[in-house]
Amino acid sequence: QHQAYQPLLPAGNKYLQQKWDRASYDLHRHNVKTAKPTINMTTPETYGHLGLKLKKLKIDQDRNIKIQQENNLLLGKITHIMQTTGAVDNLNYYEKKLNMQQRQTELLRISHENQLMLQRLQQ
Numbered sequence: 001q002h003q004a005y006q007p008l009l010p011a012g013n014k015y016l017q018q019k020w021d022r023a024s025y026d027l028h029r030h031n032v033k034t035a036k037p038t039i040n041m042t043t044p045e046t047y048g049h050l051g052l053k054l055k056k057l058k059i060d061q062d063r064n065i066k067i068q069q070e071n072n073l074l075l076g077k078i079t080h081i082m083q084t085t086g087a088v089d090n091l092n093y094y095e096k097k098l099n100m101q102q103r104q105t106e107l108l109r110i111s112h113e114n115q116l117m118l119q120r121l122q123q
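Residue numbers (my numbering): 1 to 123.
Here you go:
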């Protein structure tokens, strides 16, 4: 079934009106395809001085240098321990207590009293 062409506007010659309508529609489709967007979709401008934080980079670099120095120091200590015996020096050569003599005499007195009590209890 073929339907007869119905012109958009009243016309004397339907064949010519169909040709003109087709040309108008083709021009419309061409304009739609080549239309420029009204919204700017490009990426925004970037500013290098805002993205690059030099102070933060310097602080991080100093921190990394300090960590590396500490690591080297620890590595040196570990190497020294592994090359030597690795013995722990925990000897105390300093004077123990000022009242050490007094404590010893007190301990002797208490032990003597305990011995006397023990003898009385056994009798």
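Cβ coordinates follow ideal geometry from the N, Cα and C atoms, glycine included.
Quick caveat: nothing in here was measured; it's all calculated off a predicted structure.
Here the alpha carbons of residue 81 and residue 88 stand approximately 10 Å from one another.
Residue 32 and residue 41 have their C-alpha atoms roughly 18 Å apart. Fully enclosed alpha helix (DSSP H) runs of no fewer than 4 residues occupy 54 to 83 of the segment 50 to 85, in order along the chain. Taking a contact as a CB-CB distance under 8 Å, the pair residue 11 and residue 17 counts as one, their CB atoms being some 4 Å apart. Under the three-state reduction of DSSP output, residue 88 falls in the coil class, being neither helix nor strand.
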